[in-house]
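Q: Take 551 as the starting number for the sequence shown in the working numbering and just add one per residue. Every residue, glycine too, gets a C-beta built ideally from N, C-alpha and C. These figures come from a predicted structure and were not determined experimentally. I have a structure I would like to understand better, so I am pasting it below and will then ask my questions one at a time.
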Amino acid sequence: MAGLLCPHLEYIAVLCSIVPPLVLGVIPARFASSRFPGKPLVPIDGRPMIQHVWERARLARHLNRVLVATDDERIAAAARGFGAEVAMTSPAHASGTDRVAEAAEATDAEIIVNIQGDEPLIEPDAIDLAVSTLLDDPRCQMATLKRKIERAEDIGNPNVVKVVTSLDGWALYFSRSPVPYGRDGAPVCWKHIGLYVYRRGLLLGYGALRRGPLEEAEKLEQLR
551 MAGLLCPHLE YIAVLCSIVP PLVLGVIPAR FASSRFPGKP LVPIDGRPMI QHVWERARLA
611 RHLNRVLVAT DDERIAAAAR GFGAEVAMTS PAHASGTDRV AEAAEATDAE IIVNIQGDEP
671 LIEPDAIDLA VSTLLDDPRC QMATLKRKIE RAEDIGNPNV VKVVTSLDGW ALYFSRSPVP
731 YGRDGAPVCW KHIGLYVYRR GLLLGYGALR RGPLEEAEKL EQLR
């Protein structure tokens, strides 16, 4: 039987449009706090603190949508008053991450940014930098930020969380203690900036992860 002859074909790749992932910014906010009740509504220059956070988050180029997640109607009313989208969440959440996860689950977002509600000076470029880490590296499931500690008193301050990273930027450990230890003199220490970027799957499964002894000792959920 004679075989079929196939003419030589010259293949040319055709580029198709790629739809970028939907990136959602969530600002978790609670009214009840043992240290500072009502902190998100504290006025700064005539506007509540959380409004400053929301306005600056909206300047980030990589965020397609920004919403406030809260369980308190006072915060919700204030947020709606300055034009924010609000997601009402359960009052039973143990952490801001759990609140962010509940709000994100009701959306189609593939990348979610947890923006702390008490950071009125958050820089939009910092948000974009953290988001770009996930956009540029498919291996990365979560990203956060660090900044060099300049004041010596901050190194020993347990409220200033420190982070130790590998040479290529992967987080090794977070601590309230001065790390790393400088045997030959004062080391360079880095402050952890509480901004978190998650891929959807990791965030939605985060609450099911078991708390380990390091998280319990340091009281830092990023050690989970």
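(1) So for residue 702, helix, strand or coil by DSSP?
(2) Report back the beta-carbon spacing between residue 636 and residue 575 to the nearest angstrom; my notes put them in contact at under 8 Å.
(3) According to the neighbour-count rule (16 or more other Cβ atoms, all chains shown, within 10 Å of its Cβ), is residue 664 buried or exposed?
(4) Rounded to a whole number of angstroms, what is the C-alpha to C-alpha distance between residue 640 and residue 735?
(5) Please list, in chain order, all residues of the same chain as residue 696 whose beta carbon is under 8 Å from its beta carbon, the five residues on each side excluded.
(6) So, are the CB atoms of residue 625 and residue 604 less than 8 Å apart?
(7) Count the other CB atoms within 10 Å of the CB of residue 689; is the residue buried (16 or more) or exposed (fewer)?
(8) By how many angstroms is the C-alpha of residue 773 removed from the C-alpha of residue 698?
(9) Which residue from 747, 580, 674, 753 puts its Cα closest to that of residue 685?
A: According to the data block:
(1) helix
(2) The Cβ separation is near 13 Å, so there is no contact.
(3) buried
(4) 48 Å
(5) 713, 715, 740, 741, 742, 743
(6) For residue 625 and residue 604, no; Cβs fall outside 8 Å.
(7) exposed
(8) 20 Å
(9) 747
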